[in-house]
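To start, the structure itself, in structure tokens.
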Amino acid sequence: MSTSSIIVSASPHIHADRTSKKIMYDVVIALIPAFLISIYIFGFGALIVTSVAIISCLLFEYLIQKYLLKTTISIGDGSALITGILLAFNLPSNLPLWMVIVGSLVAIGIAKMSFGGLGFNIFNPALVGRVFLLISFPVQMTSWPTVLENNTVFADAVTGATPLGIIKDGLMMGETMTDLSSKLPSQMEMFLGMTGGSLGEMSALALILGGLYLLIRKVISWHIPVTMLGTMAAMTGIFWLINPEQYVNPLFHILTGGAILGAFFMATDLVTSPMTKKGMVVFAVGIGVITVVIRLFGAYPEGVSFAILIMNAFVPLINSNFKPRRFGAPIKSKIIK
Amino acid sequence: MKKKESTLINMVAAMLLITLIAGFSLGFVNELTLEPIAKSKLDQKVNALKLVLPVFDNNPVAAMILLKVENVKDSVEVYPAFLNDAFVGAAVIGTSEKGFSGLIKLMIGFKPDGTIQNIAVLEQKETPGLGTKIKDAAFINQYRDKNLAIFNAKVKKDGGEIDGLTGATITTRAFSEATQMAYDEFIKDTAFISKSKN
Amino acid sequence: MAAIINQKENFFKGIVKENPVFVMLLGMCPTLGVTSSGFNGLGMGVATLFVLLMSNIVVSLIKNQIPSKVRIPAFIIVIASFVTIVEMVLEAFMPFLYEQLGIFIPLIVVNCLILGRAEAFASKNTLFSSVLDALGMGIGFIIALTLLGAVRELLGSGSIFDIKLVAENANTFILFILPPGAFIALAYLAVLFNKISIKTS
Amino acid sequence: MQKFDLNSEIKSNRNLIKHRGIISKITNGVVTVSLLGNVHCEACNAKSSCGISESDVKEIEVYDASQLYELNETVELVLQKDLGLKAVFWAYLVPFIVMISTLIITSIFFKEWIAGLVSLLILIPYYLILHILKNSFKKVYNFSILKYHQA
Amino acid sequence: MDYIIILIAAVFVNNIVLSQFLGICPFLGVSNKVSTSIGMSGAVLFVMTLATLVTYLLYQFILIPAGLNYLRTIAFILVIAALVQMVEIILKKVSPSLYQALGVFLPLITTNCAVLGVAILALGLENGSLLKAVFFAVANSIGFALALIVFASIREQLELANIPKGMKGVPINLLIAGLLSLAFLGFTGLV
Amino acid sequence: MTDSILNSVLLLTSLGIFAAVVLYIVSKKFYVYENPLIAEIDELLPAANCAGCGSPGCKAFAEKLVNTEDISALFCPVGGNKVMQLIAEKLGKTVAEKDPTVAVVRCQGSCEVRPKTTIYQGPDSCAISALIYSGETDCQYGCLSEGDCVKVCLFDAMYMDEITGLPVVITQKCTSCGLCVSACPRNIIEMRPRNKKDLKIFVGCLNEDKGGIAKKACALACIGCDKCVEVCPKDAIIMFNNLAYIDPVLCTLCRKCVPVCPTNSIVETNFPVKKEIPTPTLPEGKGVYPQLQKNQLEKNIKAINETVKKLKTDA
Amino acid sequence: MLKTFQLGGIHPPENKLTAEKSIQKMAIPKVVYVPIAQNIGIPSEIIVAVKDTVEIGQLIAKSGGFVSSNIHSPVAGIVTKLDKIVDTSGYKKQCIVIRTDEKNLSNFEKIIYPLKTNIELSSTEILQRIADFGIVGLGGATFPSHVKLHINPDKKIEYLIINGVECEPYLTADHRLMLEKSAEIIVGIKILMSALQLKKAIIGIENNKKDAIALFKNLTQNESKIQVASLKVKYPQGSEKQLISALLKREVPKNGLPPDIGVIVHNVGTIFAIYEAVQHNKPLTERVVTVTGKNLKNPANFWVKIGTPISDLIKEVGGLPEGTRKIINGGPMMGKAIKNTDVPITKGTSGILVIAEEEASRKKTENCIRCGECVFVCPMGLEPHLLMSLAERGLFERALAEDVNSCIQCGSCSYVCPSNRPLLDYIRFGKNSVKNLTLIQN
Ligand SMILES: Cc1cc2nc3c(=O)[nH]c(=O)nc-3n(C[C@H](O)[C@H](O)[C@H](O)COP(=O)(O)O)c2cc1C
Ligand SMILES: Cc1cc2nc3c(=O)[nH]c(=O)nc-3n(C[C@H](O)[C@H](O)[C@H](O)COP(=O)(O)O)c2cc1C
Ligand SMILES: Cc1cc2nc3c(=O)[nH]c(=O)nc-3n(C[C@H](O)[C@H](O)[C@H](O)COP(=O)(O)O)c2cc1C
Ligand SMILES: Cc1cc2nc3c(=O)[nH]c(=O)nc-3n(C[C@H](O)[C@H](O)[C@H](O)CO)c2cc1C
Ligand code: SF4
Ligand code: SF4
Ligand code: SF4
Ligand code: SF4
Ligand code: FES
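In order, the protein sequence lines correspond to chains A, B, C, D, E, F and G.
Per this note's numbering, the very first residue in the first sequence carries number 1; after that it's consecutive.
Per this note's numbering, the very first residue in the second sequence carries number 1; after that it's consecutive.
Per this note's numbering, the very first residue in the third sequence carries number 1; after that it's consecutive.
Per this note's numbering, the very first residue in the fourth sequence carries number 1; after that it's consecutive.
Per this note's numbering, the very first residue in the fifth sequence carries number 1; after that it's consecutive.
Per this note's numbering, the very first residue in the sixth sequence carries number 1; after that it's consecutive.
Per this note's numbering, the very first residue in the seventh sequence carries number 1; after that it's consecutive.
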């Protein structure tokens, strides 16, 4: 027997079969229901925007890795794919395509590859892309095609506001919630996704389905989504109880404005969220609070994106202050005097 | 040449000398620029006034009147304009806090009958490229030569006649609000203002 | 001959090799703060150049009269005087620019670039070298500020030096005239600058 | 000399600040360590032209009974991190609080400029107290020196 | 209410570093360790408050009465420089051990544009008063502390990342600051 | 003269004097003398900050040089004698002339002569590989070929030869900082004196096994046969643990030992060619990847040629 | 609810192929290679010379220091060489090579002593015998048992824990031993309890060895001092710190040892060796080894003489199968891959595992996606991803501050990492480098 093909490596010699790639593709699978709903609602536009986002994300990652960084190409790992999908999910379905491409460039080029690629970025790439677009092109980013009028025709000039936008606008005009309620979609409609908004944030039902899939597959743990939505509900609930004419009910807040998309898919991004359960809870509470503050007192009607980005910045701080409990208490040792 | 030692005397002397020279020259330059500065400040205001008012020959800045208004925090400034001692209009400073990023301050020029001559934006913190479009002629032209008594200066969305800036309804509303406020003040006190010739 | 080369070096080093913004990172606050347009960048750059030049001249003239312990405060007074002069002159004759540059004019005083050059160069060199140094550094600073301003203006408002290059209602990257845009644009300009200066050297 | 394994010092080690320095003076029982350059300006880009931070060599006195050190030896100066934070607390935070609270209280009763002056002057007794406590601080802020030993 | 608005504005909406661009040098320079930036924040808090207090008095009660407001810049910078030095001397004098501990722990504060900038900005507050000016300084130093500490923690984490060669150092730091500033835009409109 | 100017002068002068007095006190209390020499010496040093001198950086070394009375024990390997001489002049102290040295790799166990018997899988690091076993070949003294030494060299003075799998020192670039010496977990790299023409003779092997075992593991291994020891006229060769070592101080580069070595273990560099070096015989039947080697050979020759060309243009 | 430890842990496929196979006897090897470094600590000193004739059980190398142990000849024969041979460390180490006598070759058999229950020796005699007869921990660490049992008088020991967990996949040596030598083990426990005057002993067995649990529960029905605990299957429960935590909810302090919290842990194999030494004067010269692997014809458990080359064992199970890519001394989680089959069995070898291509090759390392899996599974509450990055960049002081030394090298982190990062490789490197970081304090 020849021993020349014997491999020597350090222990352990076996490995679990979960790989990063499988995790990433699980997320993609989980996003499918929401994607289907968005195609049903927005039609061709949703399909086009999503595919352009995906293709350009992959392409930019490829080009940057090949020509700028000169590293191995890793577009197959699925992370750029997710970034593309989630970026698209945060855009209106009638956004000019060149803006979608710019958003992808920002997401991949600035927020991800500039930090060294997968795993090193501090901020959630898709959200950086989206916020960049939101700030740069507020008009296009806040005009949505009205629902169900055009699910076969691509591109449409008719715009409708998001429920939160309607409320913000209305309250600013001095209207009360009772006045506004007629303009708002019903909660059932919102749950199923029949309102205005970005293409992926429509149907709470589809998103929760995907989220449950991720939970079952143990890709994410419950800590972030539950805590985040819980915090939002608690905070908006307090305001609502104090003055229901000025503040909408908590359920409304949770069902709209990408809260569920954010809670299950964006705040949970492994790379940009804390690594311990305790840390995750702190992180999610932070997102919840900031989201509500922005929604109720800030200029933006939504706010999940900003809240997640802001808390992303705190993740290193959270990680170093909420370390896992070390096994065994230290012995009192002689301290250097 | 050798450097001076760091003794107390030397140090104080050097500093004395330098500050002396600095003091002199600064004082001097100040004297020189005092007037141009004052003038440029005045010019700025007068230029704005010229922009929004019909031709006048008095000094509206000197003639400025402060009107105390109930629901506005500060007093409202009014600059009456006269041509050959005849009242030709007045510029009213209108403000609104409801801009996208807070305060918007306008100077609205009225003809004696309350028709808007022109509007200048004095202060605003709106989003560049978006809310800042209120400074564009195209937008302001919507208000020119309108009398708010008959013209509903609200955004179309709210049932008025103003085409809002795309994506900046909030700013537009604030703009309209400021204009409306100035108009209301002007109308309320026209009589007083027109007689204010000093 | 060598002296001439040396003087050339004194002048040119500030532009590329020791560019105050891209390489030495001096005076970052005005660099980021006033560059929302090319014109503002240029204005700030020129104001800084003026102060730098004048203070370098004065410092190199009086360098031997100043005991070393009061060196810094003496320089500060010299610099602050020129800054104040700039401030007054701008206010008087260019009120528009004065308002745009705002708080950053008085802050020229603490711009490390100026004190740094006064302290590190002018206080040790001849008048002529100091003038060249100031000019080089100042021009380097102007270039950087103008470049950054121009890039931000181009991306953010689609114009260069207030000359509109795109249609009135065209979409531009508004972000670049907002604070984050300043950081981001400078970040990538620095990368570019490093790449170029490595290639050329 | 007591050789010790750092392993047993993990707890304290996590909270240590260390700086390399050179022993510049030894007088009976007191070793003076000069920190190399201004340790904090190392990372700063402006250091070459920044003249303001003049106190650039820092000298630290350490009590040393062991007499183990030689002049010019490179050593590592160690301070517990919480001590550093505590120093910030006493040197800056407490006077800040004293100043602010005086300002708030006095400005209720007095004119603005009096209130301002009083709250500035209040710092004098504060520093006097620090001065009186000088020796007890000396006991707390104890540096120690680590010698590098190539194993 | 005024004070709350000042605080929120200074910390979140118009953060001194992230949107006013003051004190960028220490922000980029002295922020590679969280513990140092915490200490630094404490020091800035004191110095900024002290400087604002003194310069406000100087301005309102000496310069203005004497008609010398044009000397603001030069007077402020001298006073601030002298104050900072004095704090050092006094500390060294009254408690040498404290002083030494500080010296090892952080760079003793020198003048930077944040201190001068805040002192000048504090003069322009609406319905200003000494208390308001001082509070403004406090709020801004809290804003500075927040940005500095968060930034330092990010940099600590990135020490272990494979930042591309061209991005290392200055560019990545600027980029982080940019993205941080981008995220903070979310607070727009809070005040 | 108007009031304003007078006021301004008054205010400024009083501030100025105040500042002067404050600073005077500061300077008295804070007096720290930094020897200006330190900066000058720092200028002289090569600013490589490689720590080859034993100090953490060049500035620190400058301080040490200035502050130390007797600096004959201190040496900057990167700057070499020339710099040390300049420094000595400036300081008015004396330095000891040090023979310049250069790093040499004392292992010739290329893939050809030292067959791989196992495959290592793990991080590309000699240190980590050394932790788990003796390496892919049967020689437990030889190079592990993961290139830790190359990684630490700050001067690009080393590269991994892709054909042989061994590190190569580019003599012209090597500053003899010694970083590679401490990086190698096998102690394969030694600093040896460098003379003008860069002539060196050393044993390119560290194998302490008995002859047969050593030879089996690597065709070029030193088998401890004592032949070189016998032939050396200067007694410069020591035999210890079945391994010959040529003392660089005693050796006069006479090259008598080179031809007698039955395994070609002794390396001579830069001498005019004297004898044909016979191609080493492969230990039979143990080559791991003959196919792979051949393919790679062709590919790598190109790479090597390019490197050589680059080196030439650099020089 | 079954007991188990709190922090972390994983559950890799158990693959206990040989659980049903009783321990076989091995043909006596013709030559044995006895390494002198068979325990943690100082290697033993050789006291025989080439050509000496040695008897079975004769002392051939004696303890070389405090943390060291005696080594006895596993066979009767002649010392032929004192040479360096590659041992399980992957390096050549000094070995005593003994050629077995022809006549002894034929009649090797594991001597079955009659069960002897009454303990005749005093406490000191027991401990002395453990030292003399070269007993080291057979749980893998090979820590000399007499040192472990040499307890500082100010530490009060309350519990003896018997480690019958065998959490490593594939291995069944302890399992079989527990089934076949249960009575002896009980006696061994009593010996130790009387030697240390202990009131309580707990046998910890994972729930995948229900037969052993049942057997011991049955045997200890009337023993009030000995308790049997069944544990939830979770790796690395066999590690003493985790086992103590699972059984007693006490945690060994950082840098501490079990006696600090009143516990002593011994492996069942060690207990059996102690039994034989104390009751039958038998030094430690043989042990149970599982030879296993999915592709092996005939995986089995053996009684093996220390010093037997692994190739002999492999031959016994039908030879190396085609496509073998890795041979491991020990289990798949903690075992060491070895270079070739000439390596001898030592006191610490509990199994030989043979792996084929598909499982042997490591997959490509990718970027850490900060998923935190490694953090969640680390039984010591460490942050493996961080420790790896620190070691990678040579930041050993920080690694030390992040408790790199607490790592028990269980490999759980590397096992779960979805990016296939060699976490433990680097952590081990970090731990090793930290050792060189000694500082001298004034
Ligand atoms: C970055 C950004 C900046 C904005 N700036 C302004 C602004 O300056 N003025 C304004 O009225 N609205 C501004 N908005 C608010 C939105 O455009 C808001 O949806 C809009 O004012 C109301 O919608 P509508 O104008 O289409 O009715 C901004 C939004 C974003 C995202
Ligand atoms: C009193 C006493 C002292 C011990 N001293 C050490 C020691 O110094 N080093 C050591 O590695 N193990 C020592 N041990 C043994 C450990 O507890 C442990 O059994 C051994 O390290 C192997 O454990 P493991 O296989 O779980 O790693 C000692 C045990 C006892 C009871
Ligand atoms: C990760 C890990 C897993 C272990 N697994 C076992 C095991 O399954 N069975 C065992 O007896 N010892 C195991 N040990 C060793 C024990 O920690 C400990 O050393 C042993 O039980 C002490 O008994 P001994 O001295 O009799 O060997 C393991 C150690 C570690 C670090
Ligand atoms: C559960 C999960 C959530 C993710 N969420 C996002 C996301 O919100 N935005 C994004 O750009 N990438 C997301 N990714 C992909 C990947 O982690 C991301 O691109 C990295 O941040 C790139 O370094 C996600 C991946 C997983 C596994
Ligand atoms: S010489 Fe040493 S460090 Fe270099 S590759 Fe070989 S084993 Fe590694
Ligand atoms: S080859 Fe070795 S000694 Fe030479 S420069 Fe490189 S690291 Fe230093
Ligand atoms: S090997 Fe070490 S770091 Fe990894 S899981 Fe086990 S104890 Fe934790
Ligand atoms: S398990 Fe792997 S990918 Fe996940 S955090 Fe740990 S090292 Fe990173
Ligand atoms: S320029 Fe603002 S801190 Fe340096």
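Backbone N, C-alpha and C fix where the C-beta goes; we use that ideal spot for every residue, glycine too.
This structure is a prediction, so every number in the text was calculated from the model and none was measured.
Does any CB atom of chain B fall closer than 7 angstroms to the CB of residue 131 of chain A?
For residue 131 of chain A, the nearest beta carbon of chain B is not closer than 7 angstroms to its own beta carbon.
Show which residues of chain D have a CB atom less than 8 angstroms away from the CB atom of residue 153 of chain E.
Taking a Cβ-Cβ threshold of 8 angstroms, none of the residues of chain D is close to residue 153 of chain E; the smallest such distance is about 15 angstroms.
Scan the stretch 138-164 of chain B and note each continuous alpha helix (DSSP H) run of 4 residues or more that stays entirely inside, going in chain order.
None, since the stretch 138-164 of chain B contains no complete alpha helix (DSSP H) of that length.
What does a CB cutoff of less than 8 angstroms around residue 132 of chain C pick up in its chain, not counting 5 residues either side in sequence?
7, 10, 11
Could you tell me whether any Cβ in chain A is nearer than 7 angstroms to the Cβ of residue 196 of chain C?
no
Quick one: what's residue 230 of chain G bridged to in DSSP?
G:205
If contact means a Cβ-Cβ distance below 9 angstroms, which residues of the stretch 129-161 of chain E contact chain G?
159, 160, 161
Using a strict less-than 5 angstroms threshold between each residue's beta carbon and the heavy atoms of ligand 5, what residues do you get?
F:126, F:143, F:144, F:147, F:148, F:149, F:167, F:184, F:186, F:188
Which residues neighbour ligand 8 when neighbourhood means a C-beta less than 7 angstroms away from any of its non-hydrogen atoms? List them by chain order.
A:20, A:275, G:368, G:369, G:370, G:371, G:372, G:373, G:374, G:375, G:384, G:385, G:388, G:413, G:416, G:417, G:418, G:419, G:421, G:423
If you draw a straight line from the C-alpha of residue 87 of chain G to the C-alpha of residue 93 of chain G, how long is it?
6 angstroms
Where does residue 37 of chain E fall in DSSP's three states?
helix
By DSSP's criteria, residue 280 of chain G is part of a beta bridge. Which residues make up the other side?
Answer is none; residue 280 of chain G lacks a bridge partner.
With 16 other CB atoms within 10 Å as the buried threshold, where does residue 43 of chain B fall?
exposed
Is any non-hydrogen atom of ligand 6 found closer than 6 angstroms to the C-beta of residue 101 of chain F, if you look at the structure I gave you?
no
How should residue 253 of chain A be labelled, buried or exposed, when 16 other C-beta atoms within 10 angstroms of its C-beta is the threshold for buried?
Sixteen is the threshold: when 16 or more other Cβ atoms of the shown chains lie within 10 Å of the Cβ of residue 253 of chain A, as they do, the residue is buried.
Below 8 angstroms, how does it come out for the stretch 341-354 of chain G and the stretch 391-399 of chain G: are there three or more Cβ pairs, yes or no?
no
Considering only the alpha carbon of each residue, which of C:192, C:186, C:130 lies closest to residue 51 of chain C?
With distances taken between Cα atoms, residue 51 of chain C lies closest to C:130.
Looking at the C-beta of residue 7 of chain A, does it have a partner C-beta in chain F at a distance below 7 angstroms?
yes
Can you name the start and end residues of the alpha helix (DSSP H) that residue 250 of chain G belongs to?
Looking at the DSSP string, residue 250 of chain G is not in any alpha helix (DSSP H), and its letter there is neither H nor E.
Name, please, each residue of chain B whose Cβ falls closer than 9 angstroms to the Cβ of residue 172 of chain A.
Within 9 angstroms Cβ-Cβ: 98, 170, 173.
Report yes if the C-beta distance between residue 308 of chain A and residue 127 of chain A is below 7 angstroms; otherwise report no.
A contact, by the Cβ cut-off of 7 angstroms.
Output the distance between the C-alpha atoms of residue 82 of chain F and residue 229 of chain F, rounded to the nearest integer angstrom.
36 angstroms
With H, G and I counted as helix, E and B as strand and the rest as coil, what does DSSP make of residue 113 of chain D?
helix
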